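Peer 1: Following the numbering used here, the numbering of the sequence shown begins with 49 at its first residue and continues without gaps.
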Amino acid sequence: MKFNKTIYYFLLGALTVGTTSCSDYLDTEPLTDKVVPNNDTPYTKAKDAEDLMTVIYTDLGNEYWQLDYFFNGDAQTEIAHAGSDNIQNYQMDEYRIIATNSNVNRDWNYLFRFINNCNKILNYVDNIPDPALTSSRKAEMKAEAAIMRAMYNFHGVQLWGDFPLVTKAVVGVNSGNFDEVYSQVYPARKPINEVYDLIISDLEGALASAPASSNKYKATKGLALSILAKVYATKPNPDYAKVIDYTTQLMGQGYSLLPNYDHLFDGNHEANAESIFESNGDGGNIGAWGASMFFGTDWKKFNTPSYDIVNTFNTEGDNVRKNSSVWFSPTTVSWADNFWQSNNFPFMYKLRITSGLQNFYVMRYADLLLIRAEALVHQGNFADAATLVNQVRARASSSLPPITIANTDDGINKILKERKLELAFEGHRWFDLKRTGKAISILSQQRDANGNLLPYVNNLNQNRLLWPIPQIQLDNNPNLTQNPGY
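(1) Among the residues of its own chain, which have a CB less than 6 Å from the CB of Tyr-294, if the five just before and after it don't count?
(2) Less than 7 Å between the beta carbons of Asp-310 and Ser-372, yes or no?
(3) How long is the line joining the alpha carbons of Ala-289 and Glu-252, rounded to whole angstroms?
(4) What residue from Asn-153, Gly-121, Leu-170, Phe-118 has the CA that sits closest to Leu-100's CA?
(5) By how many angstroms is the C-alpha of Ala-454 removed from the C-alpha of Asp-496?
(6) Where Gln-301 and Tyr-280 are concerned, what is the direct C-alpha to C-alpha distance, given to the nearest angstrom?
(7) Taking only the alpha-carbon atoms, compute the straight-line gap between Lys-370 and Leu-469 and give it to the nearest angstrom.
(8) Is Trp-478 helix, strand or coil by DSSP?
(9) Would you kindly work out how many angstroms separate the C-alpha atoms of Pro-516 and Asn-120, rounded to a whole number?
(10) In whole angstroms, what separates the C-alpha of Met-299 from that of Ile-163?
(11) From this set, Ala-198, Thr-148, Val-440, which residue's C-alpha is nearest Leu-255's C-alpha?
(12) Where does the unbroken beta strand (DSSP E) through Ser-410 begin, and where does it stop?
(13) Report the option in Asn-351, Tyr-112, Ile-324, Tyr-230 whose CA atom is closest to the CA atom of Asp-133.
(14) Which two residues bound the contiguous beta strand (DSSP E) that contains Ser-377?
(15) Assuming Thr-456 and Val-425 are in contact, meaning their beta carbons sit under 8 Å apart, how far apart are those beta carbons, in whole angstroms?
(16) Going by DSSP, what residue range makes up the alpha helix (DSSP H) through Ser-183?
(17) By the 10 Å Cβ neighbour count, where 16 or more other Cβ atoms means buried, how is Pro-259 classified, buried or exposed?
(18) In this structure, what does DSSP give as the bridge partners for His-129?
(19) Which two residues bound the contiguous alpha helix (DSSP H) that contains Lys-242?
(20) Kindly indicate which residue of Phe-473, Trp-478, Tyr-355 has the alpha-carbon position closest to the one of Leu-502.
(21) What residue range is occupied by the uninterrupted alpha helix (DSSP H) comprising Glu-326?
(22) Helix, strand or coil for Phe-395? Go by DSSP, reduced to three states.
(23) Go through its chain and collect everything with a Cβ distance to Gln-136's Cβ below 7 Å, but skip five positions before and after it.
(24) Quick check on DSSP: helix, strand or coil for Phe-211?
(25) In whole angstroms, what separates the C-alpha of Phe-479 from that of Gly-485?
(26) What residues are listed by DSSP as bridge partners for Leu-305?
(27) Return yes when the Cβ of Leu-271 is within less than 7 Å of the Cβ of Ile-324, no when it is not.
(28) Between Leu-246 and Ala-421, what straight-line distance do the alpha-carbon atoms span, to the nearest angstrom?
(29) Taking the alpha carbon of Thr-268 as the point to measure from, which residue in Ala-147, Gln-124, Tyr-105, Phe-361 has its own alpha carbon closest?
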């Protein structure tokens, strides 16, 4: 389809001019009118490169990470409700998202902004002439940026399926480079397998030069190994031998489970031995303002723990993880909903420090031990899988009985339950259910405290396991196509 250049420039201007809002703006990096040849760079100093790396990590203070990441992973499942009066969130919670949902559009924009920031390093750092920027530091920067780009593409492909692959940073446009820039600003979606190929290539290529795994605030070799394990467990035609391989390498990186589960979240044990990658909530550039969103202390209150997750903790006798995950307190009527009485209302408690100083985990070791157990089950090694699950359970509490695994389905169900208990409110549940093929069977049975099916569970079907492509993106980009069912 031929796209009129006049319309293109109008839309390009719309990408770069305007005001911002919390939920419905088109958030992209501004383009300049400087045209940069392919073999040149707009950056010349070592400080330029370090500043670009700072931006990549500062993105962890963005709304996507502070709020949406947790909401997307948990409120679409049986463990949490929307918990606010935001219609966009209710659509997601109740499996009735429409293509004009502003949360969906903002997350699409955020991911591409993050990817563009990574591309600036990957495209230009090698050509920075400053001798203060050594070749080894350039290689390390490229490894970090590649890991982060892979992580964002992994998020995108899980949310939308076929996903555009943008590998060049857009820094300038004029009539001379129109065709090249056009394909980057208005890309077509790529098949899922191609997206995973790039993700794997980025991660495997980064292993040799990535920072040491002891650094919890950078994209390290440990993070690359972790994402690789999860990618090979998630992609079409999973490769469980690869999952075992990469988790074996990860287990040699010096990680271990903290003896005390609550120390993961109390704010006094940051950058601990279990952490693989975490945000560094500094109260400033990466201020952990999301905690206030979940506590309802200054605006909304999101991600209300469900009856289901509280009942699962209670039935299991898992008081340690329950008390670290859910906090009950009286609340005002404005925060109450149809699922809980306001005189004893649950709040998500893993993000509990509202001063902007709490770190949160992007990846931690217990998650990967359970991913390894999942792969072992698929290989028929039920005994070793159970050993890993029991290692995680024993850390939580010595009173939790060990499990045994009888067969593949039994193993997957028990690991899913363990992940539910261990990783509640850390943004994993939606993707766990999709990865294991259990989303519809489990989520269609969501019930309230009286045992009644929740009224919206019949909205869920196979099409709803992927989000719609945002309507504004379809309107602006003739190369995009919509997902089925929207």
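Every residue, glycine too, gets a C-beta built ideally from N, C-alpha and C. Because the structure is a prediction, the values reported are computed rather than measured.
Peer 2: Once the coordinates are examined:
(1) In the sequence shown, the residue the question calls residue 294 occupies position 246. So the list reads Leu-273, Leu-276, Ala-277, once near-sequence residues are dropped.
(2) If you number the sequence shown from 1, residue 310 lands on position 262. If you number the sequence shown from 1, residue 372 lands on position 324. Taking 7 Å as the Cβ cut-off, Asp-310 and Ser-372 qualify as a contacting pair.
(3) In the sequence shown, counting from the first residue as 1, residue 289 sits at position 241. In the sequence shown, counting from the first residue as 1, residue 252 sits at position 204. When rounded, the distance between both Cα atoms is 16 Å.
(4) On the sequence shown, residue 100 is found 52 positions in, with the first residue counted as 1. The residue with the shortest Cα to Cα distance from Leu-100 is Leu-170.
(5) On the sequence shown, residue 496 is found 448 positions in, with the first residue counted as 1. On the sequence shown, residue 454 is found 406 positions in, with the first residue counted as 1. Taking the straight line from one Cα to the other gives about 30 Å.
(6) To locate residue 301, count along the sequence shown from 1; it is residue 253. To locate residue 280, count along the sequence shown from 1; it is residue 232. About 19 Å.
(7) Locating residue 370 in the sequence shown gives position 322, where the first residue counts as 1. Locating residue 469 in the sequence shown gives position 421, where the first residue counts as 1. Distance between the alpha carbons of Lys-370 and Leu-469: 8 Å.
(8) Here residue 478 refers to the residue found at position 430 of the sequence shown. Correct three-state label for Trp-478: helix.
(9) Taking the sequence shown and counting its residues from 1, the one referred to as residue 516 is at position 468. Taking the sequence shown and counting its residues from 1, the one referred to as residue 120 is at position 72. In a straight line, the C-alpha of Pro-516 is about 14 Å away from that of Asn-120.
(10) Your numbering for residue 299 matches position 251 in the sequence shown. Your numbering for residue 163 matches position 115 in the sequence shown. Cα to Cα, Met-299 sits roughly 29 Å from Ile-163.
(11) Position 207 of the sequence shown, counted from the first residue, corresponds to residue 255. Measuring from the Cα of Leu-255, the nearest candidate turns out to be Ala-198.
(12) Here the question's residue 410 lines up with position 362 in the sequence shown. According to the sequence provided, residue 410 is Val. The question's Ser does not apply to it. Start and end: 409 to 412.
(13) As a first step, residue 133 is located in the sequence shown; it is residue number 85 there, counting from the start. Minimum Cα distance to Asp-133 is reached at Asn-351.
(14) The residue you call residue 377 lines up with position 329 of the sequence shown. Per DSSP, Ser-377 belongs to the beta strand (DSSP E) from 374 to 377.
(15) For the purposes of this step, residue 456 is taken as residue 408 along the sequence shown, with counting starting at 1. For the purposes of this step, residue 425 is taken as residue 377 along the sequence shown, with counting starting at 1. At roughly 6 Å, the Cβ-Cβ gap stays under 8 Å, so Thr-456 and Val-425 are in contact.
(16) Locating residue 183 in the sequence shown gives position 135, where the first residue counts as 1. 183 to 208 is the span of the alpha helix (DSSP H), which, as asked, contains Ser-183.
(17) Here the question's residue 259 lines up with position 211 in the sequence shown. By the 10 Å Cβ count, Pro-259 comes out buried.
(18) In the sequence shown, residue 129 corresponds to position 81, counting from 1. DSSP, once it has assigned bridges, lists Thr-352 as partnering His-129.
(19) The count along the sequence shown starts at 1 and reaches residue 242 at position 194. Before going further, note that residue 242 is Glu rather than Lys in the sequence given. That run of the alpha helix (DSSP H) goes 240 to 254.
(20) Start at 1 with the first residue of the sequence shown, and residue 502 comes out as number 454. Ranking Phe-473, Trp-478, Tyr-355 by Cα distance to Leu-502 puts Tyr-355 first.
(21) If you number the sequence shown from 1, residue 326 lands on position 278. Segment 323 to 326 is the beta strand (DSSP E) holding Glu-326; no alpha helix (DSSP H) there.
(22) Position 347 of the sequence shown holds residue 395. Correct three-state label for Phe-395: strand.
(23) Your numbering for residue 136 matches position 88 in the sequence shown. These residues qualify, in order along the chain: Ser-71, Asn-149, Ser-150, Asn-151.
(24) Locating residue 211 in the sequence shown gives position 163, where the first residue counts as 1. It is a strand residue.
(25) Position 431 of the sequence shown holds residue 479. Position 437 of the sequence shown holds residue 485. Going by the C-alpha atoms only, they are around 10 Å apart.
(26) Here the question's residue 305 lines up with position 257 in the sequence shown. DSSP lists no partner for Leu-305.
(27) Here residue 324 is taken as the residue at index 276 of the sequence shown, counted from 1. Here residue 271 is taken as the residue at index 223 of the sequence shown, counted from 1. Cβ atoms of Ile-324 and Leu-271: closer than 7 Å.
(28) Within the sequence shown, residue 246 is the residue found at index 198, counting from 1. Within the sequence shown, residue 421 is the residue found at index 373, counting from 1. The alpha-carbon atoms of Leu-246 and Ala-421 are separated by roughly 26 Å.
(29) Residue mapping note: residue 268 aligns to position 220 of the sequence shown, counting from 1. Of the listed residues, the one whose Cα sits closest to Thr-268 is Tyr-105.
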